[in-house]
Amino acid sequence: MRPRRRFSEVKKEFNGKREGNYYATYNVVNNSVNKNRREVKASDMGPIQKSYFFQRIGFIFLLVTLVISTGYILRLGDTPIIKFVGSKNNQRLTDQTQQDLYNKTKKILDSSFFNKNKATLNMSYLQNQLNSSFPQFSSINITIPLIDNRPVITLTGSEPLFILINTTGQYLINAKGAAFSRSENNINLGYLGLNNIYDQSGYDIQLGKLALSSSDVSFLQEISYQLTYKGYHIDKIVLPVSSREADVYIKNTNYYIKFNLNSNTPKEQIGTFLATISYVKQKNLVINQYYDVRVDGRVYYK
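If you're matching positions, the sequence shown starts at 1 in this note's numbering and goes up one per residue.
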């Protein structure tokens, strides 16, 4: 019978006494690796390893530079560049109006974080706000340059449609109904060849503000065009204080025509007047005061 060996003898033999044992070989190799292991530095790298290391550093630097540059380009300042395109009537951009534009633009841009970036700026909102705040200009357009950080505001001067006259002076009125210019030293503006509107309401007219609504201006434009086309030349237009009407006086006649500004039917009212005056001529009637076409489809004359 084979004698039984102690456990310590078996363990000692198992840990490496016998050559060719797998576990013994593993322990020798592993101890050798751990003994010789040390920190790898850039100075210890070969040429290929150094090249790869510096390539990664360069890529990270390039990426950071690109992010910073993009952020700077997309950043939007709140001080605009203002360009003014004049009109035939020599409308001017005053220092006060220019300062008001700066202040209004800054207020809108500062109202939202998204308005500080070119990519997220609400361009239509900014443009609409400026157009409504400064109706004395025909149009206000905004462009965002690619490199510069300041928005460019282009103002287009207004063309006059009427001369509005009240107790404070004579004003040029544009299509929006804004008083954008005033006669200096009470110089008569008749040389412009525009129809005069006499405002009897006593309304305090201010330059750069609305004196008439745009719908009223459109209404009076249509009336002026239709009457002129039919050979009736307007002497003046009167806006009485009592009601929403326009009294149009015709040159070389004894009468005027009462129009209803609240009714958006200028063509229909002109048509009623023309049909009535044709009837009056056929009947040889004499009208010395007015034609009242303020009620749709009806006419009163005196």
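From the three backbone atoms N, C-alpha and C, an ideal C-beta is built for every residue, glycine too.
This one's a predicted model, so the numbers in the text were calculated from it and none came from an experiment.
Which residue wins for smallest C-alpha separation from Q203, given the options N195, A175 and S213? It should be noted that the sequence gives Tyr, not Gln, for residue 203. Its Cα nearest to that of Y203, the residue S213 stands out among N195, A175 and S213.
Apart from the five residues just before and just after S133, which ones in its own chain have a Cβ nearer than 6 Å to its Cβ? Cβ within range, chain order: K104.
Where the beta strand (DSSP E) containing F259 begins and where it ends: In the DSSP assignment, F259 falls within the beta strand (DSSP E) that extends over Y256 to N260.
Identify, in the order they occur along the chain, each residue of the same chain with its Cβ nearer than 6 Å to the Cβ of K176, setting aside the five sequence neighbours on each side. Excluding residues within five positions, the ones whose Cβ falls inside 6 Å are P135 and S214.
With DSSP run on the structure shown, which of helix, strand or coil describes N149? Of the three classes helix, strand and coil, the one that applies to N149 here is coil, per DSSP.
Can you confirm whether the segment 141-158 touches the segment 76-88 when touching is taken to mean that 3 or more C-beta pairs between the two stretches lie within less than 8 Å? These segments touch.
At which residue ranges does the segment 166-193 contain complete beta strand (DSSP E) runs of 3 or more residues, listed in the order of the chain? Runs of the beta strand (DSSP E) inside the segment 166-193: 169-173 and 179-182.
Y290 versus N254: straight-line alpha-carbon distance, rounded: If you take the alpha carbons of Y290 and N254, they lie about 8 Å apart.
Are there 16 or more other CB atoms within 10 angstroms of the CB of K302, so buried, or fewer, so exposed? With fewer than 16 other Cβ atoms inside 10 Å of its own Cβ, K302 counts as exposed.
At least three beta-carbon pairs within less than 8 Å, the segment 267-280 to the segment 234-244: No, the segment 267-280 is not in contact with the segment 234-244.
Taking 8 Å as the threshold (C-beta atoms), are F162 and I197 in contact? The criterion of a C-beta distance shorter than 8 Å is satisfied by I197 and F162.
For D78, name the three-state secondary structure that DSSP assigns. If DSSP states are grouped into helix, strand and coil, D78 belongs with coil.
Taking its Cβ as the centre, do 16 or more other Cβ atoms sit within 10 Å of P266, making it buried, or is it exposed? In this structure P266 is buried. Its beta-carbon is surrounded by 16 or more other beta-carbon atoms within 10 angstroms.
Kindly examine the ligand FAD and report whether one of its heavy atoms sits closer than 7 Å to the Cβ of R244. Ligands displayed in this structure: none; no statement on the ligand FAD is therefore possible.
So the beta strand (DSSP E) D216 belongs to, where does it begin and stop? No beta strand (DSSP E) holds D216; the alpha helix (DSSP H) holding it covers S214 to Y229.
K236 in three-state terms, based on DSSP: Strand.
Over the uninterrupted beta strand (DSSP E) stretch that includes D292, give me the two end residues. Bounds of the beta strand (DSSP E) holding D292 are Y290 to D292.
Backbone secondary structure at T65 - three-state DSSP: Helix.
So, at 8 Å on beta carbons, what are the nonlocal neighbours of S112 in its own chain, with the 5 sequence-adjacent residues on each side left out? By the criterion of a C-beta distance shorter than 8 Å, S112 is surrounded in its chain by N122, once the five residues flanking it on both sides are discounted.
To the nearest angstrom, how far is it from the Cα of E268 to the Cα of V238? The alpha-carbon atoms of E268 and V238 are separated by roughly 20 Å.
Any idea what DSSP makes of A211, helix, strand or coil? If DSSP states are grouped into helix, strand and coil, A211 belongs with coil.
So, for I270: in the same chain, excluding its five sequence neighbours on each side, which residues have a beta-carbon less than 6 Å away from its beta-carbon? The residues are Q226.
Starting from the Cα of N260, find the closest Cα among V295, P145 and I234 and give me that residue. Ranked by Cα distance from N260, the options V295, P145 and I234 are led by V295.
Just to confirm my understanding: we take H233, look at its own chain, exclude 5 residues before and 5 after, and list those with CB closer than 6 Å. What are they? Only K251 meet the Cβ criterion.
Could you spell out where the beta strand (DSSP E) holding N195 opens and where it closes? For N195, the enclosing beta strand (DSSP E) covers residues N195 to D199.
Between the alpha carbons of N115 and Q98, how many angstroms are there, rounded? Going from the Cα of N115 to the Cα of Q98 covers about 21 Å.
Have a look at the DSSP bridge pairing and note the partners of D247. Per DSSP, V238 and K258.
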